[in-house]
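The number in this note's numbering is simply the position in the sequence shown, starting from 1, with 49 added. Glycine included, each C-beta is placed from N, C-alpha and C at the ideal position. All of these numbers come straight from a predicted model, not from anything done at the bench.
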Amino acid sequence: MSESLRVLMLEDRAADAELNEHQLRKAGLECATLRVETEKDFRTQLLEFRPGVILADCNLPSWDGASALAVARAQCPEVPFIFVTGTVGEKIAVELLLGGAWDFVAKDRIQRLGGAVMRAVQDAERRQALAVAAQRLQESESRYRGLFESAHDGILVIDVETGIVVEANPAAATISGYSLQELLGKSASDVAFLNSSTPDSAYYTKVRDAHIVRHGHVSATAADGHHVSVDITSVRRTVSGRDLIVCTIRDVTEVMRLAEEARSVLQTATDGLVILDRKGRFLEANPAYCE
């Protein structure tokens with residue numbers, strides 16, 4: 050509350066409004082106050098004055114606090130609404146609290162007002178901070194979900210304790226030969242190229258102990274019968290106290306096929322051919338070259 054607190058008072062008695070302001074300043078609150086008496090002025094000042102807190106009497110000559118509460122809840126539900134009023138029946142008080150009132154301060158105990166306003170404003174700030182955090186989290190999750198769903202590499206998330214696939218993206222379903230619905234909830238041992246990732250396997254132990262394991266050129270037959278070659282990188286993560294293995298699966302079937310074709314051409318060529326690395330070192334030579 051570093052800025053001056055704007056306090057809108059729905060109060061027909063100027064003396065009571067002055068007493069309210071005195072109690073707020075006595076509690077150490079820097080505030081700018083505005084008093085209104087009618088529904089029209091109240092609605093107007095909700096928009097123009099933009100209060101940080103609303104103080105309202107229950108009974109007014111031309112209007113009532115309950116109606117004012119309903120208007121405030123509709124226009125600015127995040128702003129604390131506190132009734133500063135005379136005696137109110139318990140039933141009415143409960144109804145108003147259920148309707149969104151933050152607190153009640155009796156006029157014959159007006160010394161409570163400063164503390165009640167401070168608590169309400171602090172609570173409102175906490176709620177606003179939580180709302181902002183929740184919004185940012187939702188935006189972050191939306192971005193993650195978009196990247197996850199559109200990734201060209203397959204991504205599987207496996208529960209360490211059970212070995213069950215708890216999350217998968219469409220690319221993982223395509224590579225594995227299962228539908229996405231079939232893949233979720235399936236044991237990792239049922240996924241062809243992951244049948245070494247179950248809790249009893251050495252692969253699982255490697256991931257559990259080393260936290261990251263890479264397997265290159267794993268060949269298998271997918272669930273729909275097509276042959277697949279993949280590179281797999283598995284990383285162990287703890288999320289909200291839950292141990293998970295995140296597998297990134299890259300389909301290298303076409304790369305392997307092209308490499309095999311190139312090797313076949315190399316081996317059958319009548320001219321001598323060699324493959325060198327960038328430093329000029331021999332990687333492979335065909336029979337014609339060796340003759």
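Can you give the Cα-Cα distance for His276 and Thr270, rounded to whole angstroms? Answer to the nearest angstrom: the Cα atoms are 5 Å apart.
Please name the residue, chosen from Cys296, Val133, Ala142, that lies closest to Ala66 on a Cα-to-Cα basis. Scanning Cys296, Val133, Ala142 for the CA closest to the CA of Ala66 turns up Val133.
Look up Gly265 in the DSSP assignment and say whether it is helix, strand or coil. In the structure shown, Gly265 sits in a strand (DSSP, three-state: E or B).
DSSP bridge partner residues for Phe153 (one or two, in chain order): Per DSSP, the beta bridge partners of Phe153 are Phe132.
Looking at the structure shown, is Asn335 part of a helix, part of a strand, or coil, going by DSSP? It is coil, neither helix nor strand.
Assuming Thr211 is part of the alpha helix (DSSP H), what are its boundary residues? Run containing Thr211: none; DSSP gives neither H nor E here.
Kindly indicate which three-state DSSP category Thr68 falls into: helix, strand or coil? Correcting the residue identity first, residue 68 is Leu in this sequence and not Thr. Correct three-state label for Leu68: helix.
With 16 other Cβ atoms within 10 Å as the buried cut-off, status of Thr91: Here residue 91 is Phe; the residue named in the question, Thr, does not match the sequence. When all chains shown are included, Phe91 counts as buried.
Alpha helix (DSSP H) segment containing Thr317, residue limits: Segment 302-317, the alpha helix (DSSP H) holding Thr317.
Rank Ile294, His71, Leu325, Gly321 by C-alpha distance to the C-alpha of Ile204 and give the top, closest one. Out of Ile294, His71, Leu325, Gly321, Ile294 has the C-alpha closest to the C-alpha of Ile204.
Residue of Ser278, Arg291, Asp106, Thr82 minimising C-alpha distance to Ile159: Its Cα nearest to that of Ile159, the residue Asp106 stands out among Ser278, Arg291, Asp106, Thr82.
Tell me the rounded alpha-carbon separation between Glu79 and Glu52. Each residue's alpha carbon lies about 8 Å from the other.
Do you know whose CA, among Ile207, Ala150, Val56, lies nearest Leu83's CA? Taking only the C-alpha atoms, the option nearest Leu83 is Val56.
Rounded to a whole number of angstroms, what is the C-alpha to C-alpha distance between Ser189 and Pro219? Straight-line spacing of the CA atoms in Ser189 and Pro219 works out to 20 Å.
If we count the other Cβ atoms within 10 Å of its Cβ and call it buried at 16 or more, is Gly212 buried or exposed? Only buried fits Gly212, as 16 or more other CB atoms lie within 10 angstroms of its CB.
Do Val279 and Val267 have their beta-carbon atoms positioned less than 7 Å apart in this structure? Cβ distance < 7 Å, so Val267 and Val279 count as in contact.
Is Asp113 helix, strand or coil when you go by DSSP? Asp113 falls in the strand class under three-state DSSP.
Less than 8 Å between the CB atoms is what I'm expecting for Ala121 and Ile103, so what's the real figure, rounded? By a beta-carbon distance limit of 8 Å, Ala121 contacts Ile103. Their separation comes to about 6 Å.
For Leu332 and His201, what's the separation of their Cα atoms in angstroms? Each residue's Cα considered, the two are about 31 Å apart.
Going by beta carbon distance, what residues of the same chain come within less than 6 Å of Leu109, once the five residues before and after it are set aside? Contacts found: Asp61.
Closest residue to Ala155 among Gln230, Asn69, Glu231 (Cα-Cα distance): Nearest C-alpha to Ala155: Asn69.
Please list the terminal residues of the continuous beta strand (DSSP E) segment that includes Val284. Element bounds for Val284: 276-288.
The alpha helix (DSSP H) with Ile224 in it runs from where to where? Note, Ile224: alpha helix (DSSP H), 219-225.
Excluding sequence positions up to five away, which residues of its chain have a Cβ less than 6 Å from the Cβ of Ala81? Beyond the five residues adjoining it in sequence on each side, Ala81 comes within less than 6 Å, by CB distance, of Ser53, Arg55 in the same chain, given in chain order.
Between Trp112 and Pro129, how many whole angstroms is the CB-CB distance? I'm expecting something under 8 Å. About 20 Å separates the beta carbons of Trp112 and Pro129, which is beyond the 8 Å limit, so they are not a contact pair.
State buried or exposed for Val170, treating a residue as buried only when at least 16 other CB atoms are found within 10 Å of its CB. So Val170 counts as buried.
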